[in-house]
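Numbering (the working numbering), first residue to last: 1170 to 1746. Here the structure comes first, spelled out in structure tokens, and everything after it is commentary.
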Amino acid sequence: MKRTGSQIVWECLMRQGVDTIFGYPGGAILPTYDAMLDYPIHHVLVRHEQGATHMADGYARASGKVGVAIATSGPGATNMVTGIATAMMDSSPIVCITGQVGSKLIGSDAFQETDVTGVTLPITKHNYLVTRAEDLARTFREAFYIAASGRPGPVLIDITKDAQQSSCEFDWEAAAPRLPGYRPDLRPLPTEYQKALDLIQAAKRPLILAGHGLILSGAMKTVQEFAEKTNTPVALTLLGLGAFPASHPLNLGMMGMHGEAWVNNAIQEADLLLAFGMRFDDRVTGNLKTYAVNARKIHIEIDPSEINKNVKVDVALVGDLREVLEELLPHVLAGDHAEWLNHITDMKGDSAVRDIQNLPDSGHLYAAHVINDLWRITEGRAIVVTDVGQHQMWEAQYYKHEQPRSLITSGGLGTMGFALPAAIGAKFARPDDEVWVVAGDGGFQMTMPELATIAQEGIKVNVAIINNGYLGMVRQWQEFFYERRYAATPLLGPDFARLAEAFGLKGMTVTERSQVKPAVDEARAHPGTVVMDFRVEQEDSVFPMVPAGADLNAMIRRPKRDVMAETGADGEWELAK
Ligand SMILES: Cc1cc2nc3c(=O)[nH]c(=O)nc-3n(C[C@H](O)[C@H](O)[C@H](O)COP(=O)(O)OP(=O)(O)OC[C@H]3O[C@@H](n4cnc5c(N)ncnc54)[C@H](O)[C@@H]3O)c2cc1C
Ligand SMILES: Cc1ncc(C[n+]2csc(CCOP(=O)(O)OP(=O)(O)O)c2C)c(N)n1
Ligand SMILES: [Mg+2]
């Protein structure tokens, strides 16, 4: 059947199972927008194209499906760059469609012409410039396949205006992807399995490092079986949270810069690290020279370029985590590491005493309180989408995730402004789930115009702004490493509750701990979106903290006597080995 290029775009999206698309129109993509009216795909009009990409990303992370964003050429396309880079760093499958000037105008500095395939080359898994309608069907099929297979990632399709307008025969079947050079289905060598089994059998102090790859490969159950059979404790990366139930007795908690002290200490003492679908980010390892020097290392990882990139490993099993573990599991002998597990429990030592949750109630509102209360009230069942900064780390520490895809956060790029739009995407992916944004007062101000998108779509997303009046995480670094010289971190914000009202949404302000529960209850019961402004302690810090580049066990700890607000003391922090 004959179709215009624009129609082919929608025919392909329909066949890929796309139900929602996030975008913003303009001249070079107008033919495709015009054709859209004839197809039953829901288009969400965003307020900034960065928002569209984060929404597509949030949709993908919440559902496991490919998220789709669309924009015009030039500024529309360049506004997408941050969202594409965010998805690339965290291996999130999205497809971004951009209009491009007519093929005959390319290279002439035509109106709103930007070489967006050039711009996004290093931040996409793959990208395309399509200049003929005939190439569209094949391109779309390839793009979705590449985005979702192997190590997922963003793919961009730039379509010239004439390719959208001209007509050709549309044959979906004939356009099946043929990509002989693309190998997402690598399998480990049989000899590597045996080496891995030998190391597992010999280990006295093994530790699983569970990452985002568990969720991407759907290996949650298999990893749990592995951990239980071998009695191996599990530490999680930020992006792995939820992949292994927080309440499971073998779950130790988060590793890394703001991980639990006993987790980092256990990593340094382990004799075997089983790295499952994680990439040894510098936030996870600290100083590479002193990282887990006592441990042999097994890395199960789908992307061969991650092997020996940061940490040299003894055995590499390159392939899909679930498939590899299913192969390995029957050959693994049941284990009992009681001594090691008891030792880790002992290492928890005085951590509880240092936990702000266990300090006497000073009447002040701490972010940790807000997030911990939120966890209790929602019974840990909400999808929480965080922004970037201190609140992000407190969320990781105090909201206990039991389910995969229940924490959506920008880890690798650390993109402020991510939370609100990503939460909108998550809500479209899982409309029946309760979605909470946990954002800082800084990051929220970066993408808050998307409140208008929420209002226009009539969706319910609960927003908790952890308002400390600072670019808090940067302020913390200034406190610790720049002699408290607070350059450009004190931050003025609007009255967020009144701002919400200006968008036709409900706004609330919370200043005391006793108000948290009733306010959250009220927000949950409200049918529409509620923006909650939690005015928290301004100069609290996230503990523990491994200073950038320091040894993983050289953590700055929250002082035991730290009742900062109560005593007015400085809360001198201490370096604990
Ligand atoms: C302010 C801030 C502080 C942070 N502090 C911490 C911290 O304290 N601790 C921490 O952990 N992180 C922290 N992070 C996040 C950190 O930067 C990284 O994003 C995170 O550690 C990456 O986790 P990951 O390796 O599990 O996930 P990713 O970066 O998503 O990597 C996933 C890996 O799994 C592989 N993979 C994908 N699919 C499969 C499959 N099917 N089978 C096998 N392998 C697969 C991928 O190839 C990739 O190598 C922080 C971020 C910010 C912004
Ligand atoms: C787009 C972007 N710009 C700058 C940064 C650097 N940065 C990291 S955390 C942070 C402060 C965040 O402040 P806020 O949103 O108020 O959260 P808080 O740390 O106070 O919880 C900044 C500026 C970033 N991560 N992203
Ligand atoms: Mg702040």
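Every residue gets a Cβ at the ideal spot worked out from N, C-alpha and C, and that includes glycine.
Between the alpha carbons of residue i and residue j, how many angstroms are there, rounded?
i, j, result
"K1729", "I1467", "37 angstroms"
"M1516", "A1365", "28 angstroms"
"V1250", "L1182", "22 angstroms"
"V1392", "V1553", "23 angstroms"
"V1403", "G1518", "19 angstroms"
"T1289", "L1325", "8 angstroms"
"S1272", "Q1281", "13 angstroms"
"Q1504", "G1233", "In the sequence on display, residue 1504 carries Gly and not Gln. One C-alpha to the other measures close to 33 angstroms."
"M1733", "P1713", "Bear in mind that a pLDDT of 43 at M1733, under 50, signals an unreliable position, so the number given afterwards is only what the model happens to contain. Taking the straight line joining both Cα atoms gives about 16 angstroms."
"L1441", "H1512", "15 angstroms"
"P1590", "V1264", "16 angstroms"
"Q1596", "H1417", "In the sequence as displayed, the identity of residue 1596 is Lys instead of Gln. Those two C-alpha atoms are separated by around 28 angstroms."
"L1385", "F1445", "11 angstroms"
"A1694", "R1301", "51 angstroms"
"V1462", "A1240", "48 angstroms"
"L1405", "A1439", "15 angstroms"
"D1367", "N1477", "20 angstroms"
"W1544", "I1292", "35 angstroms"
"G1425", "A1279", "48 angstroms"
"W1742", "L1640", "Residue confidence is low: W1742 scores 47 on pLDDT, short of 50, so the model does not pin down where it sits. Its coordinate-derived value is still stated next. About 20 angstroms."
"R1307", "I1190", "20 angstroms"
"A1669", "V1700", "6 angstroms"
"T1658", "H1427", "21 angstroms"
"M1724", "M1423", "14 angstroms"
"G1488", "V1711", "36 angstroms"
"I1275", "L1199", "18 angstroms"
"V1604", "Y1228", "12 angstroms"
"K1458", "G1718", "10 angstroms"
"T1736", "Q1566", "Legend: pLDDT at T1736 = 41, less than 50; position of this residue unreliable, no value from coordinates given."
"W1179", "G1411", "35 angstroms"
"D1602", "A1551", "7 angstroms"
"L1421", "F1665", "37 angstroms"
"G1638", "D1702", "11 angstroms"
"D1578", "Q1333", "Correcting the residue identity first, residue 1578 is Thr in this sequence and not Asp. Distance between the alpha carbons of T1578 and Q1333: 35 angstroms."
"M1257", "G1186", "22 angstroms"
"Q1614", "H1217", "13 angstroms"
"S1260", "S1531", "42 angstroms"
One question on the structure: do residue i and residue j come within less than 8 angstroms of each other, judged by their Cβ atoms?
i, j, result
"G1380", "R1448", "yes"
"D1472", "R1352", "no"
"P1375", "L1443", "yes"
"S1242", "T1201", "no"
"A1388", "L1490", "yes"
"V1685", "V1539", "yes"
"G1245", "Y1297", "no"
"D1709", "L1660", "no"
"G1581", "G1612", "no"
"H1560", "A1536", "yes"
"M1170", "F1339", "yes"
"L1721", "N1248", "no"
"G1676", "R1667", "yes"
"N1631", "V1606", "yes"
"T1680", "R1704", "yes"
"I1469", "L1305", "no"
"T1616", "G1252", "no"
"G1322", "G1594", "no"
On a CA-only basis, which of the options is nearest residue i? Give me that one, please.
i, options, result
"V1213", "E1361, G1243 and D1188", "D1188"
"P1747", "Q1333, M1714 and I1315", "In the structure as shown, the chain starts at 1170 and stops at 1746, and residue 1747 therefore has no counterpart that could be examined."
"Q1370", "V1493, D1340, T1401 and E1492", "T1401"
"G1627", "L1674, D1440 and R1654", "L1674"
"K1373", "A1464, T1293 and N1434", "A1464"
"A1692", "R1682, V1705 and T1678", "T1678"
Say the cut is 7 angstroms; is the CB of residue i nearer than that to a heavy atom of ligand 5?
i, result
"N1637", "Among the ligands modelled here, namely ligand 1, ligand 2 and ligand 3, ligand 5 does not occur."
>> As an exercise, report each continuous alpha helix (DSSP H) stretch of at least 4 residues that is fully enclosed by the region 1348-1429, in chain order.
In response: 1359-1371, 1381-1386 and 1389-1399
> Along the chain, which unbroken stretches of the alpha helix (DSSP H) at least 4 residues long are found entirely within the region 1451-1521?
Replying inline: 1451-1454, 1490-1497 and 1507-1516
>> Going residue by residue through the region 1690-1734, where are the continuous beta strand (DSSP E) segments of at least 3 residues, counting only ones entirely within it?
In response: 1699-1704 and 1724-1726
> Fully enclosed by the region 1543-1574, which beta strand (DSSP E) runs are 3 residues long or longer?
Replying inline: 1552-1555
>> Just to confirm the assignment: which complete beta strand (DSSP E) runs, minimum length 3, are found wholly within the region 1199-1232?
In response: 1211-1214
> What runs of the beta strand (DSSP E), each 3 residues or longer, lie entirely inside the region 1270-1328?
Replying inline: 1295-1299
> Counting only runs that start and end within the region 1578-1621, where is the alpha helix (DSSP H) found for 4 or more residues in a row?
Replying inline: 1588-1598 and 1610-1616
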